[in-house]
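Participant:
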Amino acid sequence: MELSEKLQELRKEKGLTQEELAEALFVSRTAISKWESGRGVPNIESLKAISKFFSVSIDELLSGEEILKIADEDNKQKEKHTSDLVFGLLDCSLIMFLFLPFFGQKGDEIIKEVSLLSLTGTPQYIKIPYLIIVFGIVLTGVLLLALQNYEAVFWLKHKHQISIVLSTVATIEFMITLQPYAAFFTFVFLAIKSLMLIKWR
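Residue numbering for the sequence shown follows the UniProt record's numbering, beginning at 1 and increasing consecutively.
#1: Does W155 pass the burial test, meaning 16 or more other C-beta atoms within 10 Å, or should it be called exposed?
#2: Taking the alpha helix (DSSP H) that Q8 falls in, what are its first and last residues?
#3: Could you pull out every residue in the same chain whose Cβ sits closer than 7 Å to the Cβ of P101, ignoring the five residues on either side in sequence?
#4: For G104, name the three-state secondary structure that DSSP assigns.
#5: Spatial neighbours of L90 within its chain, please: CB distance less than 6 Å, with the 5 preceding and 5 following residues excluded, ordered by chain position.
#6: Mind checking who A56 pairs with in its DSSP beta bridge?
#7: Between which two residues does the alpha helix (DSSP H) containing I126 stretch?
#8: Select from A170, I172 and N43 the residue whose C-alpha is nearest the C-alpha of D74.
#9: Mind checking which residues open and close the beta strand (DSSP E) that includes V165?
#10: Is there a C-beta anywhere in chain C that falls below 7 Å from the one on S167?
#11: Y181: which of G141, E13 and L94 sits nearest, CA to CA?
#12: Is V114 helix, strand or coil by DSSP?
#13: Taking F185 as part of the alpha helix (DSSP H), name the residues at either end of that continuous run.
#14: Measure the alpha-carbon distance for I111 versus Q179 and round it to whole angstroms.
#15: Could you check how far apart the C-beta atoms of I133 and V169 are, in whole angstroms? I think they sit under 8 Å.
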């Protein structure tokens with residue numbers, strides 16, 4: 001008997017609905033539904049919770065093949081969380097552009113380095129896109145950190161792509177408008193994220 005069938009059987013023996021079991025295990029009802037239909041497998045921590053709740057050993061729940069499958073899924077999940085954490089922190093760190101001197105501003109005879117908020121004398125059609133792209137990247141970073149367990153299909157499929165696209169746009173924008181320091185940092189962050197995606201693909 002596979003895990004999906006065993007879980008369903010144990011739940012019904014206790015007279016629980018999927019919603020009630022989900023509450024007892026501190027997971028979503030969707031997760032229980034996926035586990036019972038074989039469309040997903042619980043991670044190691046959830047397996048321990050299931051084992052404890054139903055007073056059965058993990059060996060009783062799983063076959064050898066399922067143990068390997070769950071270990072593989074658990075590794076993928078850890079990689080996903082790590083990539084979300086790195087992407088999120090890199091994107092959030094761009095808030096420093098608002099306060100630290102990464103932007104060149106022409107003075108009488110010299111070019112001063114100023115923060116984005118202190119940047120004056122720059123046309124609004126240039127400064128406003130700077131602000132939009134920086135705030136967009138920071139917001140993406142906040143969402144990546146806050147929604148690590150969010151399972152909406154669109155978000156799961158496109159969250160890293162959104163981050164990459166915004167970083168690419170920022171790098172190109174800063175290069176075109178001759179802001180080398182800002183362009184350098186956004187390019188480095190873009191390179192790190194691209195390498196991570198290649199590594200974990």
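Glycine included, each C-beta is placed from N, C-alpha and C at the ideal position.
Facilitator: Well, looking at it:
#1: It is exposed - the Cβ of W155 has fewer than 16 other Cβ atoms within 10 Å.
#2: It spans L3 to E13 - the alpha helix (DSSP H) in which Q8 sits, taken as one unbroken run.
#3: Only E113, V114 and S115 meet the Cβ criterion.
#4: If DSSP states are grouped into helix, strand and coil, G104 belongs with the strands.
#5: Shown here for L90: same chain residues with a beta carbon closer than 6 Å to its own, the five before and five after excluded, namely F189 in chain order.
#6: It should be pointed out that residue 56 corresponds to Val in this sequence rather than to Ala. As DSSP reads the structure, V56 sits in no beta bridge.
#7: Judged by DSSP secondary structure, I126 falls within the alpha helix (DSSP H) whose first and last residues are Q124 to A146.
#8: Considering only alpha carbons, the answer is N43.
#9: Where V165 is concerned, there is no enclosing beta strand (DSSP E), although the alpha helix (DSSP H) it sits in stretches over V153 to I176.
#10: No chain C is present in this structure, which holds just one protein chain.
#11: When only C-alpha atoms are compared, the closest one is L94.
#12: Three-state DSSP puts V114 in a strand.
#13: F185 -> alpha helix (DSSP H) spans P180 to K199.
#14: Whole-angstrom Cα-Cα distance: 11 Å.
#15: That belief holds up - the Cβ atoms of I133 and V169 are roughly 6 Å apart, short of 8 Å.
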